[in-house]
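Visitor: I'd like to ask you about the structure that follows.
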Amino acid sequence: MILDDLKKGFFFIVSAPSGGGKTTLVKRLTDEYDSIVRSISYTTREKRNDEIDGKDYFFVNENEFEKKIRNDEFLEYVRFLGYYYGTDRKFVENNINRKKHVVLTIDVQGAMNLKKKNIGIFIFLKPPSMQILKKRLEIRQTEDEEKIKEKMELAKKEIEVGEKYYDYIIVNDDIDVAYKSLVSIFIAEENKNRKIGKL
Numbered sequence: 283m284i285l286d287d288l289k290k291g292f293f294f295i296v297s298a299p300s301g302g303g304k305t306t307l308v309k310r311l312t313d314e315y316d317s318i319v320r321s322i323s324y325t326t327r328e329k330r331n332d333e334i335d336g337k338d339y340f341f342v343n344e345n346e347f348e349k350k351i352r353n354d355e356f357l358e359y360v361r362f363l364g365y366y367y368g369t370d371r372k373f374v375e376n377n378i379n380r381k382k383h384v385v386l387t388i389d390v391q392g393a394m395n396l397k398k399k400n401i402g403i404f405i406f407l408k409p410p411s412m413q414i415l416k417k418r419l420e421i422r423q424t425e426d427e428e429k430i431k432e433k434m435e436l437a438k439k440e441i442e443v444g445e446k447y448y449d450y451i452i453v454n455d456d457i458d459v460a461y462k463s464l465v466s467i468f469i470a471e472e473n474k475n476r477k478i479g480k481l
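Just so we're aligned, residue 283 is where the sequence shown starts under our numbering, counting upward by one.
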């Protein structure tokens with residue numbers, strides 16, 4: 283992807299149910315293309331053992347998060363499964379102005395807040411089946427059976443929203459095929475915007 287003749291980068295929103303592969307696919311994308319950066323969200327949830335503060339999320343307490351809300355520092359924020367999650371406004375705007383594509387991995391609830399503001403290009407990663415999604419969550423071994431059940435119920439609703447409101451749907455059955463589909467969306471959006479001369 284070459285951005286020389288684009289005046290600004292684009293803002294891509296990638297959602298999937300928990301265990302849907304969004305983090306894996308977006309990491310592969312940002313590792314391969316210097317022109318793409320991942321937006322790092324703020325959250326009040328506890329850090330998992332394999333996560334790094336400032337790389338996976340910015341981990342803050344509720345008081346710090348609510349101060350940022352009051353200062354209008356978020357493009358959007360939600361309370362999801364008992365925790366706050368928010369998208370840093372300056373990070374997104376600064377990178378887009380530097381001709382970088384910004385990718386935000388976010389839950390459907392937060393994405394719909396952005397959709398209402400008509401911000402971004404929306405991509406939904408759909409599991410091939412609910413059974414496979416459940417298996418992926420179990421393999422993770424980060425949640426108990428009750429939490430998995432809760433996430434499966436939520437996944438059904440998220441898939442409905444994704445199919446109805448997102449610009450693109452990718453079925454993540456094979457990670458390599460899904461990745462190629464994701465890259466092709468970025469290329470198509472670049473070409474479309476060049477062709478019609480829009481930013």
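Virtual Cβ for every residue (Gly too), placed ideally from N, Cα, C.
Please read these numbers as outputs of a predicted model, since none were measured by experiment.
Can you give me the C-alpha to C-alpha distance between K382 and L363, rounded to a whole angstrom?
Guide: As a position in the sequence shown, residue 382 is number 100, starting the count at 1. As a position in the sequence shown, residue 363 is number 81, starting the count at 1. Between K382 and L363, the C-alpha separation is close to 31 Å.
Visitor: Measure the Cβ-Cβ separation of K399 and E440 and say whether it is below 9 Å.
Guide: On the sequence shown, residue 399 is found 117 positions in, with the first residue counted as 1. On the sequence shown, residue 440 is found 158 positions in, with the first residue counted as 1. No, Cβ-Cβ distance for K399 and E440 is not below 9 Å.
Visitor: If you draw a straight line from the alpha carbon of K462 to that of F468, how long is it in whole angstroms?
Guide: Position 180 of the sequence shown holds residue 462. Position 186 of the sequence shown holds residue 468. So the two alpha carbons sit approximately 10 Å from each other.
Visitor: If you check the beta carbons only, do Y324 and V308 fall under 9 Å apart?
Guide: For this step, residue 324 is matched to residue 42 along the sequence shown. For this step, residue 308 is matched to residue 26 along the sequence shown. Not closer than 9 Å, so no.
Visitor: On the CB-based measure, 16 or more other CB atoms within 10 Å of its CB, does P410 come out buried or exposed?
Guide: Along the sequence shown, read from residue 1 onward, the residue named residue 410 stands at position 128. Exposed, by the Cβ-count rule.
Visitor: Look up I467 in the DSSP assignment and say whether it is helix, strand or coil.
Guide: Your numbering for residue 467 matches position 185 in the sequence shown. Looking at I467 - three-state DSSP - the assignment turns out to be helix.
Visitor: Could you check what DSSP says for K232 in three-state terms: helix, strand or coil?
Guide: Because the chain spans 283 through 481 in this model, residue 232 falls outside it and cannot be assessed.
Visitor: In chain order, which continuous runs of the alpha helix (DSSP H) of length 4 or greater are located wholly inside the stretch 373–420?
Guide: With a minimum length of 4 residues, the continuous alpha helix (DSSP H) runs that stay inside the stretch 373–420 are 390–398.
Visitor: Please state whether the Cβ-Cβ distance between N464 and L311 is less than 9 Å.
Guide: One-based indexing of the sequence shown puts residue 464 at position 182. One-based indexing of the sequence shown puts residue 311 at position 29. The question names Asn, but residue 464 in the sequence shown is Leu. Yes.
Visitor: Between the Cα of T326 and the Cα atoms of K337, F347, I295 and D332, which residue gives the shortest distance?
Guide: Along the sequence shown, one-based indexing puts residue 326 at 44. For the residues K337, F347, I295 and D332, the minimum Cα distance to T326 belongs to F347.
Visitor: Looking at C-alpha atoms only, which residue of N379, E425, K304 and K446 is the closest neighbour of R330?
Guide: Reading the sequence shown from its first residue, position 48 is the one you call residue 330. Selected option, being the one with the closest Cα: E425.
Visitor: Helix or strand or just coil, what does DSSP make of D456?
Guide: Counting from one through the sequence shown, the residue named residue 456 turns up at place 174. Three-state DSSP puts D456 in coil, outside helix and strand.
Visitor: Keeping to the same chain, check which residues put their C-beta closer than 6 Å to that of Y448; ignore five residues upstream and five downstream.
Guide: Position 166 of the sequence shown, counted from the start, is the residue given in the question as residue 448. The answer, listed in chain order, is F404 and F406.
Visitor: Alpha carbon to alpha carbon, what distance is there between N377 and S321?
Guide: In the sequence shown, counting from the first residue as 1, residue 321 sits at position 39. In the sequence shown, counting from the first residue as 1, residue 377 sits at position 95. Each residue's alpha carbon lies about 9 Å from the other.
Visitor: For the alpha helix (DSSP H) containing G302, list its first residue and its last residue.
Guide: Taking the sequence shown and counting its residues from 1, one reaches residue 302 at position 20. Counting along the chain, G302 falls outside any alpha helix (DSSP H), and DSSP gives it neither H nor E.
Visitor: Below 8 Å on the Cβ atoms is my contact criterion, and I expect T387 with V443 to pass it. Report the Cβ-Cβ distance as a whole number of Å.
Guide: In the sequence shown, the residue the question calls residue 387 occupies position 105. In the sequence shown, the residue the question calls residue 443 occupies position 161. Actually they do not touch by this definition, with Cβ atoms about 16 Å apart.
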